[in-house]
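Here the structure comes first, spelled out in structure tokens, and everything after it is commentary.
In this note's numbering, the protein residues as written are 12 to 114.
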């Protein structure tokens with residue numbers, strides 16, 4: 012069983028490192044994308060403002076740009092985890108120019 016899980020994790024890591032194929036997701040979301048993104052942004056901001064000194068964990072590596080950086084939200088600390096080294100590197104690159112650039 013452990014071998015199966017390890018093997019699955021490695022396959023997923025490889026797929027994510029090759030790049031996510033989001034065409035179907037984008038096509039399905041497109042009709043309501045503007046409404047969805049604006050509401051998600053509003054809800055995130057409302058929740059982050061309730062806890063201005065909070066630490067946040069993102070299961071991903073780049074969504075924080077829209078929820079935090081482009082939403083005038085300040086966090087005490089943000090930690091991102093992702094199975095893909097390539098996706099994490101995108102987040103690290105974005106963090107280098109973020110308002111809250113880590114030391």
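Backbone N, C-alpha and C define an ideal beta-carbon position, used for all residues, glycine too.
* To do: State whether the stretch 87-95 contacts the stretch 59-73, with contact taken as three or more CB pairs (one from each stretch) at a distance under 8 Å.
  => Short answer: they touch.
* Asked: Could you give the residue range of the alpha helix (DSSP H) that holds residue 23?
  -> 13-29
* **Inter-residue CB distance, residue 68 and residue 90 (contact presumed, cutoff 8 Å)** => 5 Å
* In whole angstroms, what is the alpha-carbon distance linking residue 13 and residue 30? -> 26 Å
* To do: Drop a sphere of 10 angstroms on the beta-carbon of residue 79, count the other beta-carbons inside from all chains shown, and report buried for 16 or more, exposed for fewer.
  => buried
* Does the beta-carbon of residue 84 have 16 or more other beta-carbons within 10 angstroms, so that it is buried, or is it exposed? -> buried
* With residue 70 as the anchor, note down where its beta strand (DSSP E) starts and where it stops. => 66-70
* **Three-way DSSP call (helix, strand, coil) for residue 89 in this model** => strand
* To do: Pull up the CB-CB distance for residue 59 and residue 86, whole angstroms please, since I reckon it's below 8 Å.
  => 7 Å
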